[in-house]
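With our numbering as the guide, the letters of the sequence shown map in order to residues 14 to 328.
Step one of this worksheet: look at the structure below.
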Amino acid sequence: MKITIAGAGAMGSRFGLMLHNAGHEVVLVDGWKDHVEAIQKEGLKANFNGEEVIVKLPALLQSEVTETATSDLIILFTKAMQLEKMLNDLKPVIHEKTKVLCLLNGIGHEEVIEKFVPKENIFIGNTMWTAGMEGPGRVKLFGSGTVALKNLVDTEEAKKGALEIVEVLNSAGLNANYSENILYAIYKKACVNGSMNGLCTILLSNMYEFGSTTDAHMIVENIVKEFAEVAKFENIEINVSEIVEYIESNCYNCKTIGLHYPSMYQDLNKNNRLTEIDYINGAVVRKGEKYGIPTPYCAFLTALVHCKEQILGAK
Ligand code: NAD
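Pasting the structure below:
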């Protein structure tokens with residue numbers, strides 16, 4: 014299958030490398046010039062579960078995508094704020110049968126994708142795989158993960174498309190599943206990110222340090238309540254105490270995982286990069302305004318992260 018990885022940072026490189034190794038025709042498309050040039054010159058270098066590998070695969074700057082490069086499947090892996098520009102640059106390769114799978118963190122990306130792709134070709138999901146950038150042309154890929162996905166539109170044809178994508182991902186060992194409950198899964202992950210990412214970024218703490226504070230439970234509960242309130246308007250039932258308990262036992266009461274600094278912490282505090290806060294807590298604020306629900310915790314956290322982005326001059 015001809016697969017375009019749109020956004021070939023850490024996660025895009027992981028999926029690109031694994032799909033290429035499984036025999037698919039993969040093209041990496043990205044906006045970071047040094048990264049694309051490094052891959053074109055020397056291949057994609059990865060520390061893949063402790064083994065050093067170099068994979069030669071085509072990489073293109075997104076501004077240089079032309080109509081000659083058609084694609085059966087596009088996997089979106091930009092950061093959320095880069096998504097619209099990427100889709101605009103990919104217009105020449107999106108034809109009427111191109112399937113587009115979005116695995117970004119955050120909620121509501123389908124509203125952007127729908128501007129460029131017919132709804133019946135859009136597939137949404139999330140992933141528990143992880144990856145890290147080590148520099149232009151170089152990534153670190155450790156551990157294992159899963160993918161859950163579903164068609165956006167409920168037709169037999171679209172479901173067939175989703176199952177085909179599941180099969181393609183599984184041919185590369187990406188442990189994919191069709192999930193009837195994908196919106197719930199996307200919201201659940203957004204609750205985790207919406208609690209841990211912004212707070213640890215502002216507090217300069219890892220998840221365990223934050224979780225050890227007396228107010229951690231109260232803050233997380235209030236954030237999750239706001240996600241649950243807006244989700245209700247989209248017919249998604251979120252059990253607040255169940256999700257809070259999930260966050261507590263999987264993120265910050267756990268001494269191993271808890272020592273992790275969320276990716277937003279690393280993006281902003283270490284690498285001076287803009288964050289995805291507008292597509293996690295910020296998305297809840299926008300949805301709250303639309304549905305008439307107050308979202309003070311998410312609004313305050315979003316504003317604090319924006320202040321920090323500006324103070325640090327993040328780009
Ligand atoms: P990433 O930051 O590694 O890459 C995203 C884009 O930013 C790519 O186009 C990349 O080339 C560019 N970029 C990265 N570093 C750059 C730099 N120093 N200068 C200029 N451009 C740079 O993002 P990611 O971690 O691959 O995440 C993609 C999406 O997947 C996000 O929505 C993220 O939340 C989600 N996600 C990430 C992980 C993870 O473990 N990394 C896991 C699950 C979901």
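Ideal placement from N, C-alpha and C gives every residue a C-beta, glycine not left out.
Predicted model only: the values in this text are computed from it and were never measured.
Check, Outcome
"Does the count of Cβ pairs from the stretch 139-154 and the stretch 46-65 closer than 8 Å reach three?", "yes"
"Give the single residue among His-33, Gly-36, Gly-56 and Gly-25 whose Cα lies nearest to the Cα of Gly-44.", "Gly-25"
"Are the CB atoms of Glu-133 and Val-166 within a distance shorter than 8 Å?", "yes"
"For the 8 Å Cβ check, are there 3 or more pairs between the stretch 221-238 and the stretch 203-212?", "yes"
"Contact defined as beta carbons within less than 8 Å: I believe Asn-266 pairs with Gly-224. What is the distance between those atoms, to the nearest angstrom?", "6 Å"
"Measuring CA to CA, which of Asn-294, Asp-102, His-108 and Lys-321 is closest to Ala-312?", "Asn-294"
"Going by DSSP, what residue range makes up the alpha helix (DSSP H) through Arg-27?", "23-34"
"Cβ of His-48 within 7 Å of any heavy atom in the ligand NAD?", "yes"
"Check whether the Cβ atoms of Val-39 and His-48 lie closer than 8 Å to each other.", "no"
"Check the Cβ-Cβ distances between Thr-214 and every residue of chain C, and say whether any is below 8 Å.", "Included in the structure is just one protein chain, with no chain C present."
"Return the residue from the list Gly-22, Asn-188 and His-319 that minimises the CA-CA distance to Thr-148.", "Checking the displayed sequence, the identity of residue 148 turns out to be Gly instead of Thr. Among Gly-22, Asn-188 and His-319, the Cα nearest to that of Gly-148 is on Gly-22."
"To which residues does DSSP link Glu-65 through a beta bridge?", "Asn-60"
"With a cut-off of 8 Å on the beta carbons, I'd call Thr-226 and Asn-190 a contact; round off their distance for me.", "The pair is not a contact, with the Cβ atoms about 36 Å apart (cut-off 8 Å)."
"Sort Ser-218, Cys-320, Pro-275 and His-108 by Cα distance to Thr-79 and report the nearest one.", "His-108"
"Report whether the distance from the Cβ of Ser-276 to the nearest heavy atom of the ligand NAD is below 7 Å.", "yes"
"Which residues does DSSP pair with Val-160 in a beta bridge?", "Thr-140 and Ala-189"
"Can you list, in chain order, the residues of its chain whose CB lies under 8 Å from that of Leu-70, leaving out five sequence neighbours each side?", "Gly-29, Leu-30, His-33, Val-39, Val-40, Leu-41, Ile-52, Gly-56 and Leu-57"
"Check whether the stretch 83-97 touches the stretch 110-128, counting contact only when three or more Cβ pairs, one atom from each stretch, lie closer than 8 Å.", "yes"
"Whose CA, out of Thr-269, Lys-163, His-273 and Ile-120, lies closest to the CA of Ala-241?", "Ile-120"
"Inspect the CB distances between the stretch 283-292 and the stretch 250-270 and report whether three or more fall short of 8 Å.", "no"
"With hydrogens ignored, establish whether the beta-carbon of Gly-25 is closer than 7 Å to any heavy atom of the ligand NAD.", "yes"
"I need the straight-line Cα distance from Val-318 to Ile-215, nearest angstrom please.", "7 Å"
"Say the cut is 7 Å; is the CB of Asn-284 nearer than that to a heavy atom of the ligand NAD?", "yes"
"Any heavy atom of the ligand NAD closer than 7 Å to the Cβ of Asn-118?", "yes"
"What is the DSSP secondary structure of Val-233, counted as helix, strand or coil?", "helix"
"Alpha carbon to alpha carbon, what distance is there between Asn-118 and Lys-15?", "24 Å"
"Tell me whether the stretch 137-145 and the stretch 184-198 touch, counting them as touching only if at least three CB pairs, one residue from each stretch, are closer than 8 Å.", "yes"
"Which first and last residues belong to the alpha helix (DSSP H) in which Leu-287 is found?", "Run containing Leu-287: none; DSSP gives neither H nor E here."
"Can you pull the DSSP bridge partners for Ile-107?", "None, per the DSSP bridge assignment."
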